[in-house]
Structure formats: structure tokens, C-alpha cells
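What follows is a short report on a single structure.
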Amino acid sequence: MQYAQIAYGDKKLNVFNLHLDVFSRNNRRFQIQKLIEWVKQDARDTHLVFGGDFNYQAELGRDQKADFKGYDPNDEKLPPFFQNVWTDLPGIQEAFMQADSSREQIHQHITFPELEKRHDFMFFSSEFEHISSTVIDTISSSDHLPVHVVVRMGD
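As numbered in this note's numbering, the sequence shown has no gaps in its residue numbers, which increase by one up to the final residue, 158.
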């Protein structure tokens, strides 16, 4: 995880870039919880942005998941992956989804073309006004597609 705090006038913007574990959903949930704890401790009263490769694998078939070294079928029994983000960070927004988005709705914006799924997310605090979001499918410098989000910084 990378972290930067940017001063903008009298405001502080905290930016977290992350790349979560590809093999274990349990590890990803642990990593998200640690991020939430860090945000609550150090960035709770500031403008906040966090995003990156969450390796979100809901809706991958078992046969696809079984190809991953270290895949644990018991991971399927864990609570919804983003539940703690929505409950522990009130007012948090995401580029394409809402707290009640279904798995199918989440995967409408493909960022990992190989599996035709969405692995990449961009969250931002309620101080931002969401203007637009798009997945850029014309750049092929990575196995993931870039997510472009435009927000306006509020008070």
C-alpha cells in the first residue's frame, strides 16, 4: 500500500493506493480492515481517496478460482467483501457502485479483461462531488484497465 497526504490550501487530502492479495479472500478482508483502521486513526477528518487493485473475485466461477495457488473454498463463506467499507466509513462513495449494488452490477465495469470482471475500485469521501467515472479500454500497458474518476473537492 502507498500513502500520500497532499496539502491543498487549508485542506488535507489523504490518498491510499493499494494492491490486495490475489490468493486469499480472508487476507483481502484483513487488508481492507487494516486500511479502515488506518483511515479512522489518521485520516478521518480529511478528504480521502483510496483505490487500486482489490483483486475482487466475486462472481468468478469455482473452476477459475481453483486455478489460483492457495485458493481456499471456505473463503466463499465469509461475509460480503466490501461490507466493512460501507459500514465503517459512513458517507464513502465509489466510482461505479453503491452499498447495495449486486455482484452483477459491480462487474458491469470490467477492469480485468482476461476474466471479464472488475478487480479495480476507487473510493472517495463524502466531501467530494462525483462528476464522472469511466474505464479506459484503449490502453493496454497492463493486465488491468485504468479507472478514470473525476471529482470536485468540496468543503
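Note that the Cβ used here is the ideal one computed from N, Cα and C, for glycine as well.
Note that this is a predicted model, so its numbers are computed, not measured.
Check, Outcome
"Residue burial classification, residue 55 (beta-carbon count within 10 angstroms, cutoff 16)", "buried"
"Identity of the residue in 132, 103, 139 nearest residue 50 by Cα", "132"
"Residue nearest to residue 167 in terms of C-alpha spacing, selected from 21, 123, 156", "Lying before the first or after the last residue shown, residue 167 is absent from the chain, which here runs from 4 to 158."
"Residue interval of the alpha helix (DSSP H) (run including residue 90)", "86 to 91"
"For residue 28 and residue 69, the rounded distance between their alpha carbons", "Since pLDDT at residue 69 reaches only 46, below the 50 mark, its modelled position is unreliable, and the value read off the structure follows with that caveat. Roughly 13 Å between the two C-alpha positions."
"Best match in 57, 110, 17 for proximity to residue 48 [C-alpha to C-alpha]", "17"
"Whole-angstrom distance between residue 120 and residue 135, CA atom to CA atom", "20 Å"
"Beta-carbon spacing of residue 92, residue 58 below 9 Å", "no"
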